Amino acid sequence: MFNEFPQSDLTIVSTDGSVSHTKGIVSSSDAIVIPDAKAAVDIGYEIRRSLPNGKDETFEVVDPVFHQQFGSIPAHFQVKVRKKGLLPAGGGGNYTITVNGPNSRVNIHSQDNSNNVAHDLKVFEDARAAIVAQVPDSENRARIIGSLDEAKAAAGNPETYRSAYQKLISSAADHVTVLAPFLPILTSFLG
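In the working numbering, the protein residues as written are 90 to 280.
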């Protein structure tokens, strides 16, 4: 039955960006019939039809409804769509962007001039390991580690961290080369 209607080559782009191809009947700007009963189509997907002018006529799937075979009408999808417009061939589309980590951000067609400082408390554990490995005198080592623990506890508050940081630097004065690799990060907690 559907073979009697003019069919177009359609590209279906899922919300995760995967692409499939099928035939379909674009019956209006808000409805597409897909005779392929095995087509994967869901809400939010994009359906694209290539036009002779090199552009893609692009639709967003609003309501895909599957219809079982009924008499001489084969199983098919009737898809309600919203026309998104004409896009350059292969352009536009669904994008999956995964962002993680401290202070992550996405800039699309813009410039990010912000300055963020991410405080990772792991620096205190790394500094502790260096002190344990490189400060041989147990009394000095205990005093420096005690000051380091106070600085770690105060790391969330720049006012209390300042005095804890000064105490740490004073207690480690004879062993400042041990803490030297960690000083830029430890200093960043000052605010």
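Cβ atoms here follow ideal geometry from the backbone N, Cα and C, with glycine treated the same way. Quick caveat: nothing in here was measured; it's all calculated off a predicted structure.
Between the CA atoms of residue j and residue i - distance to the nearest angstrom
i: residue 210; j: residue 247; result: 14 Å
i: residue 194; j: residue 114; result: 41 Å
i: residue 91; j: residue 140; result: 21 Å
i: residue 149; j: residue 269; result: 57 Å
i: residue 145; j: residue 172; result: 11 Å
i: residue 156; j: residue 245; result: 60 Å
i: residue 196; j: residue 276; result: 29 Å
i: residue 120; j: residue 107; result: 22 Å
i: residue 260; j: residue 187; result: 44 Å
i: residue 109; j: residue 153; result: 16 Å
i: residue 212; j: residue 226; result: 22 Å
i: residue 237; j: residue 217; result: 7 Å
i: residue 223; j: residue 133; result: 59 Å
i: residue 147; j: residue 93; result: 24 Å
i: residue 160; j: residue 116; result: 22 Å
i: residue 158; j: residue 166; result: 11 Å
i: residue 189; j: residue 131; result: 27 Å
i: residue 174; j: residue 164; result: 29 Å
Spatial neighbours of residue i in its chain, beta-carbon cut-off 8 Å, leaving aside the 5 residues before and after
i: residue 177; result: 143, 144 and 145
i: residue 219; result: 267, 268, 270 and 271
i: residue 112; result: 96, 97, 98, 99, 123, 124 and 125
i: residue 129; result: 101, 103 and 109
i: residue 215; result: 271
i: residue 242; result: 253
Neighbourhood of residue i by C-beta distance below 6 Å, restricted to the same chain and skipping five residues each side
i: residue 240; result: 253, 254 and 257
Bridge partners - residue i, DSSP secondary structure assignment
i: residue 156; result: 165
i: residue 211; result: In DSSP, residue 211 forms no bridge with anything.
i: residue 145; result: 139 and 176
i: residue 281; result: Because the chain in this structure spans residues 90 to 280, residue 281 falls outside the shown range and cannot be described.
i: residue 99; result: 111 and 138
Neighbourhood of residue i by C-beta distance below 7 Å, restricted to the same chain and skipping five residues each side
i: residue 251; result: 279
### Query
Pairing CB atoms from the region 230-239 with CB atoms from the region 193-202, are three or more of them under 8 Å?
No, the region 230-239 is not in contact with the region 193-202.
### Message
Count Cβ pairs between the region 137-153 and the region 99-112 that sit closer than 8 Å; are there 3 or more?
### Response
Result yes; three or more Cβ-Cβ pairs closer than 8 Å.
### Query
What residue ranges within the region 111-139 form continuous beta strand (DSSP E) runs of no fewer than 3 residues, ordered along the chain?
Here the runs fully enclosed are 120-123 and 135-139.
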